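Enquirer:
Number of protein chains: 4
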Amino acid sequence: MVKVGIVGGTGYTGVELLRLLALHEEAEVVAITSRAESGRRVDDLYPNLRGHYELAFSEPDVRQLAACDIVFFATPHNVAMNLVPELLQAGARVIDLSADYRIRDPQLWSRWYGEPHASPEVLRAAVYGLPEVNRSSIAGATLVACPGCYPTSVQLGLIPLLARQVVDPMHLIASSASGVSGAGRQAKVDNLLSEVADSFKAYAVTGHRHLPEIEQGLSDVAGSPVALTFVPHLLPMIRGIHSTLFARRVDTSVDLQALYEDWYADEPFVDVLPEGMYPQTRTVKGANRCQISLQVPQGRDTVVVMSTIDNLVKGASGQAIQNMNIMLGLPEDMGLKQVGLLP
Amino acid sequence: MVKVGIVGGTGYTGVELLRLLALHEEAEVVAITSRAESGRRVDDLYPNLRGHYELAFSEPDVRQLAACDIVFFATPHNVAMNLVPELLQAGARVIDLSADYRIRDPQLWSRWYGEPHASPEVLRAAVYGLPEVNRSSIAGATLVACPGCYPTSVQLGLIPLLARQVVDPMHLIASSASGVSGAGRQAKVDNLLSEVADSFKAYAVTGHRHLPEIEQGLSDVAGSPVALTFVPHLLPMIRGIHSTLFARRVDTSVDLQALYEDWYADEPFVDVLPEGMYPQTRTVKGANRCQISLQVPQGRDTVVVMSTIDNLVKGASGQAIQNMNIMLGLPEDMGLKQVGLLP
Amino acid sequence: MVKVGIVGGTGYTGVELLRLLALHEEAEVVAITSRAESGRRVDDLYPNLRGHYELAFSEPDVRQLAACDIVFFATPHNVAMNLVPELLQAGARVIDLSADYRIRDPQLWSRWYGEPHASPEVLRAAVYGLPEVNRSSIAGATLVACPGCYPTSVQLGLIPLLARQVVDPMHLIASSASGVSGAGRQAKVDNLLSEVADSFKAYAVTGHRHLPEIEQGLSDVAGSPVALTFVPHLLPMIRGIHSTLFARRVDTSVDLQALYEDWYADEPFVDVLPEGMYPQTRTVKGANRCQISLQVPQGRDTVVVMSTIDNLVKGASGQAIQNMNIMLGLPEDMGLKQVGLLP
Amino acid sequence: MVKVGIVGGTGYTGVELLRLLALHEEAEVVAITSRAESGRRVDDLYPNLRGHYELAFSEPDVRQLAACDIVFFATPHNVAMNLVPELLQAGARVIDLSADYRIRDPQLWSRWYGEPHASPEVLRAAVYGLPEVNRSSIAGATLVACPGCYPTSVQLGLIPLLARQVVDPMHLIASSASGVSGAGRQAKVDNLLSEVADSFKAYAVTGHRHLPEIEQGLSDVAGSPVALTFVPHLLPMIRGIHSTLFARRVDTSVDLQALYEDWYADEPFVDVLPEGMYPQTRTVKGANRCQISLQVPQGRDTVVVMSTIDNLVKGASGQAIQNMNIMLGLPEDMGLKQVGLLP
């Protein structure tokens with residue numbers, strides 16, 4: 001059995017790691033840390049785990065974590081970048097679900113996160129954990145930076161168009177919508193049910209922190225700079241991201257449906273829907289899956305791509321486990337066969 | 001008191017007309033028709049109306065309706081176009097909340113609604129009931145075609161940009177999202193709570209019936225053809241439309257915030273928000289109001305406009321009453337002063 | 001115009017007072033206090049109020065408040081009991097929406113609220129503001145303690161049974177369910193959308209603070225002690241309380257439907273539904289109304305009463321305004337004619 | 001592999017069987033019938049199943065079904081009772097999720113379902129499929145009648161009290177609340193999102209069809225007649241049942257917490273929570289589990305039990321698979337280890 005440690009396990013990506021790993025045939029969670037909840041059983045905080053874990057939260061302990069085969073960071077940004085260097089030196093392999101190692105350029109990171117990066121030397125060694133792009137680098141990595149939730153849905157939706165250069169890369173548009181769990185489990189008035197139920201709004205229109213991450217990933221694929229107008233919205237529900245993507249076609253000779261089906265033919269967790277079927281967040285709820293469809297309305301020159309994921313699974317904890325499987329040479333879908341919970 | 005008749009009052013726009021007219025100082029509903037519910041009290045079907053109405057649904061009766069000062073059609077499309085000619089001849093003034101008289105070209109209507117238009121001669125006389133564009137024509141009209149819900153939010157959001165020709169009119173994008181009440185009160189599996197709660201999806205991506213209506217209205221304002229990529233989405237909630245609009249700036253010399261504030265300065269029901277405040281559907285819930293804000297992310301050449309309405313109020317019954325007030329020379333906001341229900 | 005002051009206006013009962021008073025023909029809000037938001041416009045915090053108020057929050061100022069005809073306290077418990085004595089001395093009339101003056105016995109209050117009562121001498125002068133019981137005392141009161149939300153729905157549902165002594169008063173059961181807005185606008189993890197959406201649970205089963213208030217009110221009506229098993233539940237929605245009440249009949253000779261209809265025949269805001277129609281929280285959403293129905297299943301000896309209110313209206317701010325109208329000799333329904341927002 | 005057939009697979013219990021069986025190590029669905037959707041792939045109707053099934057719906061065919069090891073009926077009532085006799089004769093073993101074989105007395109069945117029972121002779125052979133009561137009979141049964149959703153939650157909550165005779169069996173009260181998926185996937189106005197979102201109501205107060213089923217089951221356990229006042233309510237969400245149960249203690253010498261913990265100590269799917277922790281529907285969402293807690297408020301004589309299940313899992317398809325495992329001698333929890341989806 002693979003020994004797994006989780007740093008910062010009280011948030012939603014933490015409990016989601018526990019939910020998924022409970023059924024993973026080869027992984028066993030041996031440590032989960034939380035300063036605030038140290039000593040409390042995980043199934044006392046999250047009663048859905050009763051019967052699945054005997055584990056309690058503990059104070060972070062480098063030696064204990066270093067003894068794990070894999071350590072997940074399910075922390076807010078600014079935690080991993082301070083602890084990871086020591087863990088790497090102690091020989092651990094780390095999968096960071098936070099934003100700390102997603103952006104290669106520490107100055108760019110700094111500009112968006114408002115503080116200097118604490119471990120730029122490690123930053124350079126981190127592999128961006130989008131398996132559909134970086135599978136082979138992930139396999140050998142000691143530090144994997146799991147993509148953000150929006151970046152996963154937007155990149156998977158746009159990659160074929162940019163890689164094949166069939167659209168104008170400088171005028172991409174993403175109108176994305178996320179469930180509230182993306183905002184985490186912090187006590188904030190803004191995320192009270194009474195504030196966000198029964199309503200819909202855009203936010204962070206001037207610039208969301210996921211923007212530079214998306215542009216970095218898409219530029220890599222396009223081989224040239226890209227510019228994205230990214231407008232995230234908040235949905236009155238818990239889980240799910242739906243990205244509606246717009247791009248101007250510059251090459252109309254390509255059969256886009258065939259392009260997407262071919263591009264993702266061998267991907268276990270990207271599902272290109274048949275023409276005319278559109279994705280819904282509910283069909284991927286609880287599942288490690290991205291469903292994508294596309295359309296060119298009225299046969300004009302704008303292509304519309306729709307892409308859905310569960311932000312806590314393919315957008316976070318599921319993708320992290322997918323990366324773990326790749327790093328450890330396990331079957332990539334081990335522990336990740338859950339069917340979406342519908343209805 | 002103004003005598004009001006309502007044809008087809010069992011749907012959501014019907015009950016919303018009743019809700020709003022219950023507090024209208026000068027209007028009295030004297031007849032409300034429904035073949036299916038004939039004889040049943042309106043407050044038996046809609047118990048929120050108890051204590052406000054003694055009225056029962058009745059079979060449609062042209063003489064009774066013609067005796068009204070104003071007749072609202074709160075019917076599905078294909079009803080008004082068959083009954084309105086007779087009512088107009090009998091001297092009634094009609095406000096149609098359905099799609100029958102919104103599109104000037106009967107062949108275009110036909111193409112989108114899949115049947116010939118039943119009264120093209122009357123179609124020509126209909127005034128499109130968006131007061132912010134056609135107020136003076138509405139005042140003298142005998143037949144007003146109330147705009148659709150999406151068209152209201154999209155047009156109010158884009159009009160200043162197109163009228164002042166600061167954006168490319170041939171590549172407009174609308175990513176709109178609506179509560180489920182927009183689909184009406186028909187018994188359809190697709191609109192069951194278990195099908196649409198907790199989920200989000202795009203629909204009608206190849207072409208929604210509101211598209212030609214929006215393009216017609218925006219072309220009038222722009223003075224030239226426009227092309228819109230329009231993607232509607234379904235929100236897991238009852239009321240509210242949020243449109244996120246994208247346009248490419250061709251003239252960057254204009255102060256867009258000032259443009260919008262000036263354009264709508266005298267409009268009682270269009271509220272341009274201060275810079276940095278974004279609209280939410282909840283702040284207009286139950287109110288006859290459109291809230292708008294705009295932003296140019298990263299100072300690039302794409303402008304983003306956000307526009308919200310309550311689809312049943314400013315997107316339907318509230319706008320219809322606004323039109324009635326204009327037609328009858330009443331204060332335009334009479335009966336329409338409700339404050340949005342927040343939280 | 002009546003001059004109104006509001007202490008602690010940033011919470012949900014505060015914004016609800018503003019929503020309702022915006023359309024009140026005789027009242028004008030001249031001051032609204034908040035230490036935290038002092039200087040901020042109310043419509044900046046609550047954009048649904050844009051166009052209805054020019055007011056900003058201000059620091060509490062006894063002289064300014066004392067100059068008002070009516071001062072509402074929309075504060076958490078433990079605020080009013082410290083400030084009200086001074087205001088009363090300065091000649092103000094006060095309506096307290098918090099729990100501070102609801103329980104006559106200061107020691108009982110102390111036991112449930114965990115601290116000594118700060119102004120027991122004033123407590124004795126307070127009138128419990130349930131108009132259906134205390135209308136005439138309210139008219140002459142200088143201090144009115146508005147009932148809690150659960151207590152309003154439970155008492156209105158049980159009063160006729162207890163007053164007429166047709167049920168066993170020592171084995172009453174209330175299974176109540178409330179929307180999350182009842183928990184207020186505090187930043188608590190427990191009330192995040194991600195914690196309470198899509199779920200249902202009982203809470204405070206060992207004893208909710210509203211229990212002694214309910215038992216006090218029902219004892220008064222019954223003329224003898226009562227004992228209630230009260231289990232509150234949290235609904236995954238914003239507004240509304242539904243109480244399902246169970247009582248054992250000791251006198252089966254009474255026609256219960258007739259009893260309820262007669263009892264509330266003259267009450268403007270209590271609506272006894274016809275036999276076979278059950279209340280829903282949506283039919284009273286946004287309205288100052290309690291809808292009640294009852295049933296004796298299988299003709300056995302247990303009577304079931306269902307009672308619904310909007311917790312923020314008849315359960316708080318609407319009832320407070322109803323009390324204000326009574327105190328000032330205004331028509332009791334002034335400003336309270338809103339129709340429930342359905343759908 | 002066990003060959004499984006499903007009759008009537010287009011409803012919510014059908015898709016839930018498919019979701020759960022997709023990960024069952026020993027079962028393979030070889031046939032799923034639907035007259036309406038015959039020929040359509042199951043993953044076209046339910047895209048969450050894409051990648052998990054190649055199966056299409058087919059016309060019901062007795063020979064094909066009889067060749068299965070187990071046939072599930074996921075049909076409305078009145079279907080199974082007509083088809084099951086033939087299947088049993090052909091040698092199939094049947095698990096009926098509908099109401100047709102739950103009530104032993106065909107005349108009682110008839111009174112509640114409004115028509116004669118079509119196969120009373122088979123009715124007598126059916127075993128009521130509540131494993132916590134009938135495990136050994138289920139093991140040898142050819143026909144198992146799966147309990148209804150409410151009956152599962154109410155019975156599991158009350159059984160220890162009645163079996164140990166610590167409460168008055170003639171005055172039981174169940175105030176239950178269910179998500180809307182319990183009403184199935186029929187096109188009914190009453191279950192539209194716009195009708196039931198954001199609201200809460202009681203229904204079927206005069207008598208719900210699950211009442212005789214519950215009373216039959218509880219009488220068996222009590223060894224004497226029982227009388228239950230059962231009030232179901234509709235929750236504005238998809239999945240989950242919460243039953244709040246009230247009973248009058250006649251024997252106060254029993255430690256109720258210990259009684260429950262002992263009673264269910266060996267049950268894999270009944271989880272008695274520690275004192276002071278209350279169940280929530282979200283902690284069992286998607287999981288085959290019943291969570292129970294109890295309390296005696298104010299130390300009076302009324303005991304309150306809270307019991308939650310996912311109506312589609314432990315209340316339907318999960319319990320059906322649990323029965324299948326028992327019938328086939330498989331580990332009882334095979335394919336049923338899913339962790340509740342929280343948040």
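Chains as they are written, first to last, in the UniProt record's numbering: chain A, 1 to 343; chain B, 1 to 343; chain C, 1 to 343; chain D, 1 to 343.
Ideal Cβ positions, reconstructed from N, Cα and C, are used throughout, including at glycine.
Remember, it's a predicted structure, so these values are computed and weren't measured experimentally.
So L162/C is in the beta strand (DSSP E); what residue range does that whole segment cover?
Expert: Run containing L162/C: none in the beta strand (DSSP E); it sits in the alpha helix (DSSP H), 149-163.
Enquirer: What's the call for G207/D, buried or exposed, on a 16-neighbour Cβ count within 10 Å?
Expert: Under this definition G207/D is an exposed residue.
Enquirer: Taking the beta strand (DSSP E) that L273/A belongs to, which residues open and close that run?
Expert: Counting along the chain, L273/A falls outside any beta strand (DSSP E), and DSSP gives it neither H nor E.
Enquirer: If we count Cβ pairs, one from each stretch, closer than 8 Å, do we get three or more for the segment 175-195 of chain C versus the segment 186-194 of chain A?
Expert: Verdict: yes, contact present.
Enquirer: Just how far apart, CA to CA, sit K285/B and L341/B?
Expert: Distance between the alpha carbons of K285/B and L341/B is about 6 Å.
Enquirer: On the three-state DSSP scale, how would you describe L256/A?
Expert: In the structure shown, L256/A sits in a helix (DSSP, three-state: H, G or I).
Enquirer: Between V313/D and chain C, is the shortest Cβ-Cβ distance under 8 Å, so that the two count as touching?
Expert: No, V313/D does not count as interfacial toward chain C.
Enquirer: Use the C-beta contact count for T281/D: other C-beta atoms within 10 angstroms, 16 or more gives buried, fewer gives exposed.
Expert: Counting Cβ neighbours within 10 Å, T281/D comes out buried, since at least 16 surround it.
Enquirer: DSSP state of I214/C, grouped into three classes?
Expert: Here I214/C sits in helix by DSSP.
Enquirer: Is T252/D buried or exposed, if buried means 16 or more other CB atoms sit within 10 Å of its CB?
Expert: So T252/D counts as exposed.
Enquirer: Among the residues of its own chain, which have a CB less than 7 Å from the CB of L88/C, if the five just before and after it don't count?
Expert: Only V94, V122, T142, L143 meet the Cβ criterion.
Enquirer: Assuming T10/D is part of the beta strand (DSSP E), what are its boundary residues?
Expert: No beta strand (DSSP E) contains T10/D, which DSSP labels as neither H nor E.
Enquirer: Around the Cβ of S224/B, are there at least 16 other Cβ atoms within 10 angstroms (buried) or fewer (exposed)?
Expert: Classification for S224/B: exposed.
Enquirer: By the three-class DSSP mapping on this structure, what secondary structure does K314/C have?
Expert: Three-state result, K314/C: helix.
Enquirer: Can you grab the Cα-Cα spacing for the pair Y113/B / R209/B, in whole Å?
Expert: Answer to the nearest angstrom: the Cα atoms are 7 Å apart.
Enquirer: In terms of residues, what are the limits of the alpha helix (DSSP H) holding E132/C?
Expert: Segment 131-140, the alpha helix (DSSP H) holding E132/C.
Enquirer: Which one or two residues does DSSP pair with D96/A in a beta bridge?
Expert: F73/A, A145/A.
Enquirer: Please tell me whether H52/A has its Cβ less than 8 Å away from any Cβ of chain D.
Expert: Chain D contact via Cβ: present.
Enquirer: Relative to chain C, which residues along the segment 198-231 of chain A have a C-beta separation below 8 Å, given in chain order?
Expert: Answer set for the segment 198-231 of chain A: D198.
Enquirer: Please name the residue in D271/B, V313/B, L312/B whose C-alpha comes closest to that of residue 347/B.
Expert: Absent from the structure is residue 347/B, since the part of chain B shown begins at 1 and ends at 343.
Enquirer: Under 8 Å between the Cβ atoms of V313/B and E25/B?
Expert: It is not a contact, given that the beta carbons lie outside the stated cut-off.
Enquirer: Quick one: does I321/A have its CB under 8 Å from some CB of chain C?
Expert: No, no contact with chain C.
Enquirer: How about L20/A and L336/A: do their beta carbons lie closer than 8 Å?
Expert: Taking 8 Å as the Cβ cut-off, L20/A and L336/A qualify as a contacting pair.
Enquirer: Going by CA-CA distance only, name the one from A126/B, P268/B, N78/B that's closest to residue 344/B.
Expert: For residue 344/B there is no data in the structure shown, the boundaries of chain B being 1 and 343.
Enquirer: So F230/C and A316/C are supposed to be a Cβ contact under 8 Å. How far apart are they, rounded?
Expert: Going by Cβ atoms, the distance from F230/C to A316/C rounds to 19 Å, so no, they are not a contact pair.
Enquirer: Taking Cβ-Cβ distances below 7 Å as the criterion, which residues of the UniProt domain "Semialdehyde dehydrogenase NAD-binding" (3-141) of chain D are in contact with chain A?
Expert: Hits within the stretch, in order: Y12, V15, R19, A22, L23, Y46, P47, N48, L49, R50, G51, H52.
Enquirer: Let me check understanding here. Comparing Cα to Cα, which of A92/B, I159/B, A80/B lies closest to C68/B?
Expert: It is A92/B whose Cα lies nearest to the Cα of C68/B.
Enquirer: Is any beta-carbon of chain B found at less than 8 Å from that of G240/A?
Expert: It does: the Cβ of G240/A has a partner Cβ on chain B nearer than 8 Å.
Enquirer: Looking only at DSSP bridge pairs, what is E172/B linked to?
Expert: In the sequence as displayed, the identity of residue 172/B is Leu instead of Glu. According to DSSP, which records beta bridges pairwise, L172/B is partnered with L228/B.
Enquirer: With burial defined as no fewer than 16 other Cβ atoms inside 10 Å of the residue's Cβ, what is the status of M324/B: buried or exposed?
Expert: Flag for M324/B reads buried.
Enquirer: Counting along the chain, where does the alpha helix (DSSP H) carrying S34/B start and finish?
Expert: Element bounds for S34/B: n/a, residue is neither H nor E.
Enquirer: If you follow the beta strand (DSSP E) that L83/D is part of, which residue opens it and which one closes it?
Expert: First-last for L83/D: 80-89, but that is the alpha helix (DSSP H), not the beta strand (DSSP E).
Enquirer: Within the same chain, show all residues whose beta-carbon is closer than 7 Å to that of R248/B, passing over the 5 residues directly before and after it, in chain order.
Expert: Answer for R248/B: V167, D168, H171, D301, T302, listed in chain order.
Enquirer: Could you please give the first and the last residue of the uninterrupted alpha helix (DSSP H) stretch that includes V167/C?
Expert: No alpha helix (DSSP H) contains V167/C, which DSSP labels as neither H nor E.
Enquirer: Using C-beta distances below 7 Å, list every residue in its chain close to G11/D, excluding the 5 sequence neighbours before and after it, in chain order.
Expert: Counting only Cβ-Cβ distances below 7 Å, and skipping sequence neighbours, we find A74, G184, R185.
Enquirer: Using a Cβ-Cβ cutoff of 7 Å, what residues of the segment 281-314 of chain B are near chain A? List them in chain order.
Expert: Those residues of the segment 281-314 of chain B that come within reach of chain A (Cβ to Cβ, closer than 7 Å) are T281, R282, Q295, P297, Q298, R300, T302, V304, M306.
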